[in-house]
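Residue numbers (the working numbering): 507 to 852. Ideal Cβ positions, reconstructed from N, Cα and C, are used throughout, including at glycine.
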Ligand SMILES: [Zn+2]
C-alpha cells in the first residue's frame, strides 16, 4: 500500500532529532545541508552509491549484528539513498524477521521511486525489482527539495504526464486487442494529468505549490495504478521507446526529459487515438521550462532513428504492453522521414 507523504518546512530536521540514534542512508549533498542543522547524533551515517545486489547484501550483513525491532532507518537523498533504505528494511524483515522503522526523505523529486513499494536493485548490471517495502513515513521537506537543481525537480512531471500518451495506447489496445478499459480509471488518470498541468507556473518556479503538485501527481498516479493492478494508466509507448533507446546506448537519461520527448512522438503517431493534443503537451513543457530537445540529452538523430526502427521488435521481444508500436496500422518504415522531420521541429 502506498503511503501518503507529509509536507513541511525543514521537517527532515524535526524527524531526525525526534528519533533515538537512527541509521541514516544518504548522499553527500543533502547530508551537507542537514548535518549542521541537527542536534541529534545518528548511530551511523552511510553513504551509498551502489545498488548492486552483492554490495547491498554485504552492507546488510555488516549492520545485522547491531539492529533490532527498535531501530529506525532514514533514507535521505535521491533514488539510491531511498532504495538502499528500503532494501535494508525489506532484507531485515525477509531474512531475520526484524521490523525496522523506515522513514524516507527524498531530497529531489525527479522520479516517483520514493513512493513505489518495489526496490530497484542491480544484478549483473541489469535492473531487478524486488521486495515490497512499507515505509512508516514519507516526508517532503520543501526547504530540502528546493536546494536541488530546479531542472531536475521539474523533470518530476515525467511519470504523471506520461498518462497523456499512455491513455492513447490503452484505447488502441482496447480496440485492436479487446483489452479491458475501465472508463472510471481512464477518466481519473486523465484528470490527474490535467490537474498537474494547471500548476504549470508553480512547477516552473518549484515553489511550495509546485512541489505539492508534482508529489501529489506521483501519489495519485501510483495509487491509481495500484488499485487498477498494473501501470496501464500511466505507462505505455513513451516509456517503451525510452527503454529501447537505453538498450542501444546503455546510457541513462533524465527520466522527465526523455519521457517528455517520447510523449510527443507517441501523440504524433497515435493520430486520432491520441487523448491529448500534441500542441497542448508541447506548450506545457515549454511553460514549465522542461527541455525535451534530443540535443539537450546528447541523443543523436542516428540513435533515435535506430531506436524507432527497432522499437516494434523490441516491444514484442520484451513482451511489453500493447501500444501504438504494436499496431498494424502503424507503418514506421514508411513514416520515418516525416517522423524525423517532426522531431527536428520540436
Ligand atoms: Zn517512468
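Alpha helix (DSSP H) segments (min. 4 residues) lying fully within the region 769-845: 784-794 and 807-823
Close-in-space but distant-in-sequence residues of the same chain around residue 597 (CB under 6 Å, 5 per side omitted): 566
Inside the region 688-741 only - alpha helix (DSSP H) runs reaching at least 4 residues: 689-704, 706-711 and 714-734
Residue 767 vs residue 800 beta-carbon contact at 8 Å: yes
Inter-residue spacing [alpha-carbon to alpha-carbon] between residue 726 and residue 645: 16 Å
Assigned exposure category for residue 655 - 16 Cβ within 10 Å defines buried: So residue 655 counts as exposed.
Residue nearest to residue 753 in terms of C-alpha spacing, selected from 734, 821 and 802: 821
Residue closest to residue 849, alpha-carbon to alpha-carbon, out of 823, 806 and 839: 806
Residue 765: CB within 7 Å of a non-hydrogen atom of ligand 1: yes
Euclidean distance between Cα positions of residue 555 and residue 562: Distance between the alpha carbons of residue 555 and residue 562 is about 10 Å.
Alpha helix (DSSP H) segment containing residue 751, residue limits: 743-755
Sub-8 Å separation of residue 784 and residue 796 beta-carbons: no
Paired residues, beta bridge with residue 509 - DSSP: None, per the DSSP bridge assignment.
At least three beta-carbon pairs within less than 8 Å, the region 691-702 to the region 732-744: Yes, they touch.
Cα-Cα separation, residue 517 to residue 614: 15 Å
Beta carbon of residue 604 nearer than 8 Å to that of residue 625: no
Exposure label - residue 660; buried when at least 16 CB within 10 Å: buried
Near ligand 2: residue 751 beta-carbon under 7 Å from a heavy atom: Ligand 2 is not part of the structure shown, which contains ligand 1 as its ligands.
Check whether residue 608 and residue 639 have beta carbons under 8 Å apart: yes
Nearest-angstrom Cβ-Cβ length linking residue 760 and residue 813, presumed shorter than 8 Å: Not really, about 17 Å apart at Cβ, beyond 8 Å.
Alpha-carbon to alpha-carbon, residue 804 and residue 546: Spanning the alpha carbons of residue 546 and residue 804 requires a straight line of approximately 44 Å.
Whole-angstrom distance between residue 774 and residue 844, CA atom to CA atom: 10 Å
Inside the region 596-624 only - beta strand (DSSP E) runs reaching at least 3 residues: 607-612
Per-residue burial, residue 592 [other beta carbons within 10 Å of its own, 16 or more giving buried]: buried
Where the alpha helix (DSSP H) containing residue 561 begins and where it ends: 559-570
Collapsed DSSP secondary structure at residue 626 in the structure displayed: strand
Assigned exposure category for residue 842 - 16 Cβ within 10 Å defines buried: exposed
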